[in-house]
Every structure is written in structure tokens, then in C-alpha cells.
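Since the structure comes first, as C-alpha cells, the remarks are kept for the end.
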Amino acid sequence: MKRSEFADPFEQARNEQGIGKMQDQDDPVTMVLGLKDVRKCAHNWKTFQSGAKPGRIVVPSEVKIRDTRQIPFEVDPPEHGDYRAIVEPWFKRPLEDEYRTKLRAQIESLVDQVLTQEDVEVVSEFSLKLQSRALTLLLNTPYQESDVWIGWGTHVFRSEGEALDGDKASILYDYIDAQIERAAENPTDDLYSVLLNSEINGRKLSKEEVKGVMILTFAGGRDTVINAVTNSIAYFADHPQSLARLRDQPEITNRAVEELIRYFSPLTHMGRVVTEDTKVCPHGHDVKADSRISLCWASANRDAKTFENPNEVVLDRKVNPHVAFGFSHHNCLGATHARQIMHILLETLAAKVGSIDILNAKENIEDLDQFKRKVGFDSINVKFNPR
Ligand code: EMZ
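Right under this line is the structure:
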């Protein structure tokens with residue numbers, strides 16, 4: 004099996020039962036696996052809610068390590084829409100030329116750097132740096148801040164081996180609290196200041212609400228972006244002809260970005276809390292009020308009922324209604340930023356890199372009880388060869 008192959012562990016359960024089951028800190032999860040069912044449940048926010056106890060819709064649950072509600076992620080309509088309206092224009096800034104130019108300069112300089120090295124550990128020396136530096140653009144904060152964030156490692160709530168880590172989370176909370184105080188005293192044109200100055204239903208956002216948005220901004224797009232970038236590098240290492248193809252047919256780059264994101268599905272699933280006794284799929288699976296389900300994006304994205312050859316990367320796949328960025332009200336706020344990162348990364352690799360040799364790799368396998376899913380790499384050493 005090639006290093007860049009990501010098997011689908013859900014196929015049999017999806018076809019036979021439509022669901023999977025996993026235990027998570029004594030709060031079991033019924034995983035919804037088929038694309039149609041995932042979409043239906045995502046749409047039905049009244050029965051499958053996000054605004055439960057903070058941390059409970061995340062799998063593994065974060066209830067033990069945080070009390071702050073992430074916004075707008077852990078809020079249901081109609082309040083969800085009010086918050087979303089405040090943050091949405093800001094999170095569309097990656098479409099602006101100036102933003103893209105700066106992002107391109109960051110990515111080009113990073114690629115130029117790794118081209119001079121004999122051995123690059125992609126996760127820590129490339130993807131984490133790229134993600135952190137790009138985040139300075141999303142927050143509109145000084146570039147130097149990224150050095151602090153790089154020091155935090157790939158996941159802000161988990162230490163090595165996926166264990167939840169309250170101490171590590173405190174580093175992020177303390178940092179964000181200090182930044183909010185700084186912005187309250189000396190407002191700039193960064194995201195903290197803009198949020199502190201925003202109004203919802205005729206009142207200013209509270210510091211706790213601003214913190215809720217900022218935690219989500221830091222946590223939600225961190226390991227996900229790192230996995231998308233790292234896995235793409237592994238893919239191009241195994242498929243140098245795809246790099247050449249992007250060079251010859253740059254018009255397929257958008258499709259290639261969507262396809263890689265579908266195939267890798269950097270976020271396996273997201274939970275919801277059930278508000279009334281109900282069923283999750285047409286064949287009927289009872290779920291009880293106050294239990295949890297998860298919407299398994301990674302499984303839905305391999306559903307053969309929708310995707311032809313679901314386990315292959317079809318670089319210019321034409322019909323691609325994937326749900327890697329979620330679906331319905333809660334679709335990913337950072338998707339515009341993530342898509343720009345991927346787009347510019349693909350263009351830059353195609354322009355500058357001829358081939359990539361994998362020297363060593365350690366896979367990151369998520370343990371979902373019944374399923375084991377490769378989601379990325381703990382580490383992967385490569386040599387980038389210039390064109
Ligand atoms: C939460 C989540 C959001 C959670 C879209 O995902 O990402 C996870 O990585 C975080 O741990 O707190 O932000």
C-alpha cells in the first residue's frame with residue numbers, strides 16, 4: 004500500500020448498518036455513516052443540536068477540559084445565525100487579492116526553504132509552520148506571533164498520542180485572555196479588536212464570547228489544515244505525474260483541491276446531542292434523547308452511492324458534493340482560508356517541485372473502537388527535489 008493511500012474503514016458498516024458505534028469517556032457515540040443520512044442529520048439542528056454542554060459535540064469529548072462555548076460552532080439557530088453574520092465577512096477576507104498575495108509569499112518562501120534541505124520532517128518543519136504563519140493573516144496579527152503558536156505543536160487540546168491535555172489547553176486560554184485584554188486597551192485592526200467592537204442584538208460582544216470565537220479559530224483549523232497539507236505532500240510524492248498535470252492544466256487546480264480534501268477528510272466526524280428519542284437512518288436506528296451521534300464526514304465522503312471510484316483520487320473529479328467542511332448551518336467558517344492555502348500550495352509545488360522522495364513515515368491512526376482510521380502522519384520525512 005502506498006504511503007499516501009488512505010483506506011476507508013467504514014465501508015462495510017456503512018453498507019450493512021448505516022451506523023457505527025463507539026465509546027468515548029462513558030458518553031457513547033452512534034456514528035452516522037452514509038452521505039444522505041449525514042446530510043439529513045446535519046440539517047436537522049432541532050433534533051441534533053450543537054448547543055449542548057461546551058465540548059460535548061467534539062469527539063473525543065472536551066467537556067473535562069473546557070467550559071468556554073466555542074462560537075458560532077456550539078450555538079444553534081437562530082442565535083447561531085446572529086453570530087455567524089458577525090464573523091462571516093471577516094472569514095471571507097482570504098478572497099481578497101492582498102491577502103492572497105501575502106499568503107503566496109509565505110508559501111513560496113517556505114517551499115524555497117525546504118528545497119534547500121536534504122531531509123524535511125513535513126509535519127513540524129512545513130505544515131505546522133505554514134498553518135501558523137497563514138493564521139497571522141486570518142487574524143490580521145503580526146507575523147512574529149506565529150513563532151509562539153508553532154511552539155504549541157499540532158493540536159492545542161491534545162498531547163502526543165491523542166490524549167486530552169488540560170494543561171496544554173490552559174496555555175491557549177491564557178494566551179487568548181491576554182490578547183483580548185491587550186486589544187481592549189489598545190485596539191488595532193486585528194480580529195480580537197474587531198470582535199470586541201462588534202454588536203449582537205444591540206449590545207457589544209462580551210470578552211467570553213470573543214474568547215469563544217478565538218478558541219475556535221485557533222483549534223478548529225489547526226490539525227485539520229496540518230493534515231490536509233501533509234497528506235497532500237505525501238500524495239504528490241507517490242504521484243509526481245499529478246504535479247506535472249497541475250502544471251500543464253492549471254485550470255483543474257480548484258477541482259484538485261476539493262478532491263484531495265474529500266479523499267483525506269481531515270476532520271473524521273463531528274458530534275451532535277440528540278434532543279428527543281428518534282431514528283437516524285431510514286432503516287431505523289433508535290437513538291435516545293440526550294445521547295450523542297456523530298456525522299461522519301470521512302465515511303460520507305467515500306459513499307459509493309454518490310462518488311464513483313470513491314477510494315481513488317480523481318484529480319479533476321467533476322461531481323464532488325463532499326462534506327469534508329461539514330454541511331448545512333455549521334459548515335466550516337475557515338473553509339475559504341483553507342481552500343486558499345491548498346490552492347496556492349498546489350500551484351507553488353507544481354511550479355517549483357519536480358518530485359518528492361519519502362524517506363520515513365509514521366502514520367497517525369485514529370482509534371474509533373470498531374474502526375481504525377488513518378487521518379494523517381505523526382511524522383513524515385521527505386526530500387523535495389527542485390524542477
Ligand atoms: C473544535 C473543533 C472544531 C475543538 C471544526 O472543528 O476542532 C477541534 O480540533 C477542537 O479540538 O475544540 O474547535
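Under my numbering, the residues of the sequence shown are numbered 4 to 390, in order. All C-beta atoms in this analysis are idealised placements derived from N, C-alpha and C, irrespective of residue type, glycine included.
- Approximately 5 Å separates the beta-carbon atoms of G58 and R69; this is inside 8 Å, confirming the contact.
- Under DSSP, M273 shares a beta bridge with L298.
- Residues of the same chain with a CB within less than 8 Å of the CB of D319, apart from the 5 flanking positions on each side, are Q252, I255, R258, A259 and E262 in chain order.
- Beta-bridge annotation (DSSP): R376 is paired with E369.
- By the 16-neighbour rule on beta-carbons within 10 angstroms, G23 is buried.
- In the three-state reduction of the DSSP assignment, S268 falls in the coil class, being assigned neither a helical nor a strand state.
- T119 and R42 have their C-alpha atoms some 45 Å from each other.
- Counting only unbroken stretches of 4 or more residues, the alpha helix (DSSP H) elements lying wholly within the segment 5–34 are 14–19, in sequence order.
- Membership of Y195 in the alpha helix (DSSP H) is indicated by the continuous run L194 to L199.
- Taking V283 as the centre and dropping the five residues before and after it, the same chain places the C-beta of G21, I22, T33, V35, D40, C44, V290 and I296 closer than 8 Å to its C-beta, in chain order.
- Judged by their CB atoms, F267 and P12 are not nearer to each other than the 8 Å cut-off.
- Relative to the ligand EMZ, the beta carbon of E212 is positioned no closer than 7 Å to any heavy atom.
- Note on Q343: 16 or more other CB atoms within 10 angstroms of its CB, so buried under the neighbour-count rule.
- Secondary structure of E184 (DSSP, three-state): helix.
- Per DSSP, the continuous alpha helix (DSSP H) segment holding K210 begins and ends at K210 to G223.
- Pairing P243 with I359, the inter-Cα distance amounts to about 8 Å.
- For P389, the secondary structure class from DSSP, reduced to helix, strand or coil, is strand.
- If you look at S162, you'll find it isn't in any alpha helix (DSSP H); DSSP assigns it neither H nor E.
- Note: N363 is bridge-paired with N384 in the DSSP secondary-structure output.
- D30 and W48 have their C-alpha atoms spaced approximately 20 Å apart.
- Of the residues L98, R265 and F330, the one whose Cα lies closest to the Cα of N312 is R265.
- Three or more Cβ pairs closer than 8 Å define a contact, and the segment 114–133 meets that threshold against the segment 224–236.
- Excluding the 5 residues flanking it on each side, V62 has same chain C-beta neighbours closer than 7 Å at D27, V32, H272, G274 and S297, in chain order.
- Taking a contact as a CB-CB distance under 8 Å, the pair E128 and K386 does not count as one, their CB atoms being some 12 Å apart.
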